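The number in this note's numbering is simply the position in the sequence shown, starting from 1, with 1442 added.
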Amino acid sequence: RPCLNIPRVVQFIDYIENQQRQNKPEIKIKPVSDGAQEKAAKNRQGLIKHIQNDSRSAMAHQKMFNDAVRMGRGHCLVATEFLSENSFDQKITIETVKDPLDIYLDPNHNEPDYSDCKWGFYKERILREDFEKLYPDKTISEWSAGDDEDNPWSDEDTVGIIQYWSLEEKEDTLLEITGDTEATQGIVK
């Protein structure tokens, strides 16, 4: 039977999203005390501002916030890329995530911000011709995702790519040299 559907929640979602557009969050570096730390904080603040402007991070933050309001979960990626093959210098970027449901994080986390995750996945689809340009020496393998048979990993036009991150813990030796050049040793995890 036909029925009338009035979406009343949309006006409240729009209100919350517009409030966030007017009060954009930003990263602020605050020094602890002395003048040297104030100069370092000012330099770091300028570097972070440059990264955000260069990445156009306002769009990524807005999309992340909208996704969190609409579906309870929003993500953006902080990525690095080497400037050239012969350099150790890296460029930091803040990227938009198209679909927040394509991010899979460690379910054994305790912190609500996922800061204690041990691993994470990002599933992304790209055009097959772009894949062949980016990864000419790689072959596409067929993989069945179990319950995901309606949404295969690859088809005639697109290829699914997974980015995987994991946290590796290792013990290391930390030396502290005091004013009288005496070193003390400690183990850091």
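We put the CB at the ideal spot given by N, CA and C, even for glycine. It should be emphasised that the depicted structure is a prediction, and the values quoted were computed from it without experimental measurement.
CB of residue i within 8 Å of CB of residue j, strictly
| i | j | result |
| --- | --- | --- |
| residue 1538 | residue 1513 | no |
| residue 1544 | residue 1565 | yes |
| residue 1503 | residue 1467 | yes |
Buried or exposed by the 16-neighbour rule on C-beta atoms within 10 Å, applied to residue i
| i | result |
| --- | --- |
| residue 1507 | buried |
| residue 1488 | exposed |
| residue 1536 | buried |
| residue 1492 | exposed |
| residue 1529 | exposed |
| residue 1445 | exposed |
| residue 1456 | exposed |
| residue 1531 | exposed |
CA-to-CA distance, residue j to residue i, given in whole angstroms
| i | j | result |
| --- | --- | --- |
| residue 1601 | residue 1567 | 6 Å |
| residue 1386 | residue 1527 | One cannot answer for residue 1386 here, as it falls past the ends of the chain, which runs 1443 to 1631. |
| residue 1520 | residue 1618 | 32 Å |
| residue 1546 | residue 1573 | 22 Å |
| residue 1523 | residue 1605 | 14 Å |
| residue 1542 | residue 1460 | 20 Å |
| residue 1603 | residue 1475 | 46 Å |
| residue 1499 | residue 1462 | 14 Å |
| residue 1515 | residue 1525 | 32 Å |
| residue 1581 | residue 1570 | 11 Å |
| residue 1496 | residue 1484 | 18 Å |
| residue 1610 | residue 1598 | 37 Å |
| residue 1518 | residue 1494 | 12 Å |
| residue 1473 | residue 1482 | 8 Å |
| residue 1550 | residue 1556 | 9 Å |
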